[in-house]
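Asks: Residue numbers 373 to 569, in this note's numbering, belong to the letters of the sequence shown in order.
This is the structure, below, for whatever I ask next.
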Amino acid sequence: MDINCTIKDVYIVELGAGDEAELQRFFERAPDYFMAVNGEPARPTEAHEALQNQLPPGWRCSRIYWLGYRGADGQLVAVVNIAADLLADGVWHIGLLLVDARFHGTGLAQQVHADLQAWAIENGARWLRLTVVVGNSKAERFWPKLGYVEVRTREAIRMGRQVNHVSIQVKVLAEGQLDGYLALVAQDRALPHFDPR
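Structure follows, in C-alpha cells:
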C-alpha cells in the first residue's frame, strides 16, 4: 500500500479474506451505523459479504480496496471501502468510511478522509463519489463539511431490512469539474422536474 498515513500511531493495511472475523467484530461494534443504513445490526455474514466486492449488474471499476486503519496496538480503528474508476475513469467511490465508536468526535474520520483523498488524487481520481442514506444524520452532517455536494437522489433502494431514500454526492478534486463528472456518469444526472400543468 502506498497510502501516506499522517495519523499518529496509525498504519494502513489492505484487508482480505483472512481478516473477515476481525472485520465482522468491527462491524458488530457499530450498531448505530448498521441500524441507520440497514435497519438492523450487522448480520453474521456482513464482513464475508462485504469482502466479496460485488458490484451491481452493469457496473465496473478498475479495483476495489478494503483498507484497515490499525492503531499502535494493531486493532482496527477505522475501515474504508473504495472502488477506483467506478462507472467512469477518474471516479472513485467511497462505499464505506467507518470509524470505531471510541474515536467518534476526535477528528479521526476527517484525517482518514484527507489521507484517502490525497492517495486517490495521486492515483488518478478526479472525483470522489458516495451515497448517503437520507435520515443517517451523522453522515448527512459529515460529508458536506468535507466538500461533497448532492447531484442526485434515488428512492426505494433496498439495504438490509429497510428501503432507503439516498443522496448521491460528489466531491470535485484537482482537474475535475462537476459538469465533466455528470457528462461521464449519466445515471447521476438529476432527472428534469416534471410539471404536469
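Think of the CB as a built atom: it goes at the ideal place given N, C-alpha and C, for glycine as much as any other residue.
(1) Give, in chain order, every unbroken run of the alpha helix (DSSP H) that is at least 4 residues long and sits entirely within the stretch 452-509.
(2) Measuring alpha carbon to alpha carbon, tell me which of 409, 548, 485 ends up nearest residue 376.
(3) Would you call the stretch 488-505 and the stretch 547-554 touching, i.e. three or more CB-CB distances under 8 Å?
(4) What residue range is occupied by the uninterrupted alpha helix (DSSP H) comprising residue 400?
(5) Please classify residue 421 as buried or exposed, where buried requires at least 16 other C-beta atoms within 10 Å of its C-beta.
(6) Helix, strand or coil, according to DSSP, for residue 438 in the structure here?
(7) Let me know if residue 431 comes out buried or exposed under the rule of 16 or more other beta-carbons within 10 Å of its beta-carbon.
(8) Taking contact to mean at least 3 C-beta pairs separated by less than 8 Å, is the stretch 394-401 in contact with the stretch 458-466?
(9) Keeping to the same chain, check which residues put their C-beta closer than 6 Å to that of residue 453; ignore five residues upstream and five downstream.
(10) Using a Cβ-Cβ cut-off of 8 Å, state whether residue 494 counts as contacting chain B.
(11) Going by DSSP, what residues sit across from residue 383 in a beta bridge?
(12) Under the assumption that residue 470 contacts residue 450 (Cβ atoms under 8 Å), give the Cβ distance between them as a whole number of angstroms.
Replies: According to the structure data:
(1) 480-494
(2) 485
(3) yes
(4) 392-400
(5) exposed
(6) strand
(7) exposed
(8) no
(9) 438, 467, 468
(10) Considering every chain present, this structure includes no chain B. It has just one protein chain.
(11) 442
(12) 7 Å
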